[in-house]
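**Q** In our numbering, the protein residues as written are 0 to 214. Using N, Cα and C, we set each Cβ at its ideal position, and we do this for glycine too.
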Ligand code: GRF
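Below, the structure is given as structure tokens:
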């Protein structure tokens, strides 16, 4: 069975969605380890409760980004994963790290990239007054929150929304699309061509855009 390693920094709800998909039989995968750069990440306990190996690699213990990334890569590589899954991992990764995992490192971002890279995406979407917002799963490249898009889910921005309500609506979609993207990758259904993702012919085009739910 294919192996993944999941990197987290906090709550770990996307990681939980992956575990739930695995447990439901929708995602045949060996979640070999969950690694956090923060010891207090709630997701570490959740993973351990599910019987998954957990590791803590403290970024504060290293003199710089490269040194931390090298240790992190060592930790990841002992599990020989087919795919490394960033799920709320709040560290900027060095170019060397990203290149080491070229084509097998993915991230979920809470906006419809390329809109709103970086932090505070929901607040910024509200401030801009956009009517459609959402989330994106993409391959990671050295440029932050860029990289070939795999799947996106869109949600409406409603007049009554605040940051919390919008974030919750987006998060429900994150939990839908991330397991799907991981499954496609592991099934060999994602092909990188000239910096873009081409889907396997067995997947309908409609599979990669989950469009607005109004609630
Ligand atoms: C999610 O919104 C994800 O898109 C972003 O960080 C958040 C992590 O949430 N990268 P969780 O830890 O998965 O609950």
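For residue 190, which three-state DSSP category applies?
**A** Within the chain shown, numbered from 1, the residue matching residue 190 stands at position 191. Residue state, collapsed to three classes: strand.
**Q** To which residues of the same chain is residue 122 closer than 8 Å at the C-beta, ignoring the five residues directly before and after it?
**A** Counting from one through the chain shown, the residue named residue 122 turns up at place 123. Contacts found: 162.
**Q** Grouping DSSP H, G and I as helix and E and B as strand, with all else coil, what is residue 59?
**A** As a working mapping, residue 59 is identified with position 60 in the chain shown. Helix, per DSSP.
**Q** Please tell me whether, using a cut-off of 7 Å, the distance from the CB of residue 170 to the nearest non-hydrogen atom of the ligand GRF is below it.
**A** Numbered from 1 along the chain shown, position 171 holds the residue referred to as residue 170. Yes.
**Q** Considering only residues of the stretch 120–161, which uninterrupted alpha helix (DSSP H) runs meet the minimum length of 4 residues and lie entirely inside it, listed in chain order?
**A** Listed in chain order, the complete alpha helix (DSSP H) runs (minimum 4 residues) inside the stretch 120–161 are 120–127.
**Q** Taking only the alpha-carbon atoms, compute the straight-line gap between residue 37 and residue 56 and give it to the nearest angstrom.
**A** What you label residue 37 is simply residue 38 of the chain shown in a count that begins at 1. What you label residue 56 is simply residue 57 of the chain shown in a count that begins at 1. Roughly 7 Å between the two C-alpha positions.
**Q** Taking 7 Å as the cut-off, does the CB of residue 119 come closer than this to any heavy atom belonging to the ligand GRF?
**A** Start at 1 with the first residue of the chain shown, and residue 119 comes out as number 120. False, no ligand heavy atom lies under 7 Å from that Cβ.
**Q** Let's test the definition: count the other Cβ atoms within 10 Å of the Cβ of residue 151 and tell me whether it reaches 16, buried, or not, exposed.
**A** If you number the chain shown from 1, residue 151 lands on position 152. Residue 151 is buried by the Cβ-count criterion.
**Q** Apply the 10 Å Cβ neighbour rule to residue 17 and answer buried if 16 or more other Cβ atoms are within range, or exposed otherwise.
**A** Indexing the chain shown from 1 puts residue 17 at position 18. Residue 17 is buried by the Cβ-count criterion.
**Q** Roughly how many angstroms lie between the CA atoms of residue 202 and residue 103, to the nearest whole one?
**A** Here residue 202 corresponds to residue number 203 of the chain shown, with the count starting at 1. Here residue 103 corresponds to residue number 104 of the chain shown, with the count starting at 1. Cα to Cα, residue 202 sits roughly 20 Å from residue 103.
**Q** From this set, 39, 180 and 62, which residue's C-alpha is nearest residue 148's C-alpha?
**A** Residue numbering aside, residue 148 sits at position 149 when the chain shown is read from its first letter. Answer by Cα proximity: 180.
**Q** Name the residue from 79, 35, 19 and 196 whose alpha carbon lies nearest to the alpha carbon of residue 2.
**A** Position 3 of the chain shown, counted from the start, is the residue given in the question as residue 2. The candidate whose alpha carbon is nearest that of residue 2 is 79.
**Q** Any heavy atom of the ligand GRF inside 7 Å of the beta-carbon of residue 216?
**A** Nothing can be reported for residue 216, as the shown portion of the chain is limited to 0 through 214.
**Q** Check whether the stretch 123–139 touches the stretch 162–177, taking contact to mean three or more Cβ pairs, one atom from each stretch, closer than 8 Å.
**A** Enough Cβ pairs lie closer than 8 Å, so yes.
**Q** Put residue 8 into one of helix, strand or coil per three-state DSSP.
**A** Against the chain shown, residue 8 aligns to sequence position 9. Reduced to three states, the DSSP call for residue 8 is coil.
**Q** Can you check DSSP and say which residues form a bridge with residue 53?
**A** Here the question's residue 53 lines up with position 54 in the chain shown. 33.
**Q** Going by DSSP, name the residue or residues bridged to residue 209.
**A** Locating residue 209 in the chain shown gives position 210, where the first residue counts as 1. Partner(s): 152.
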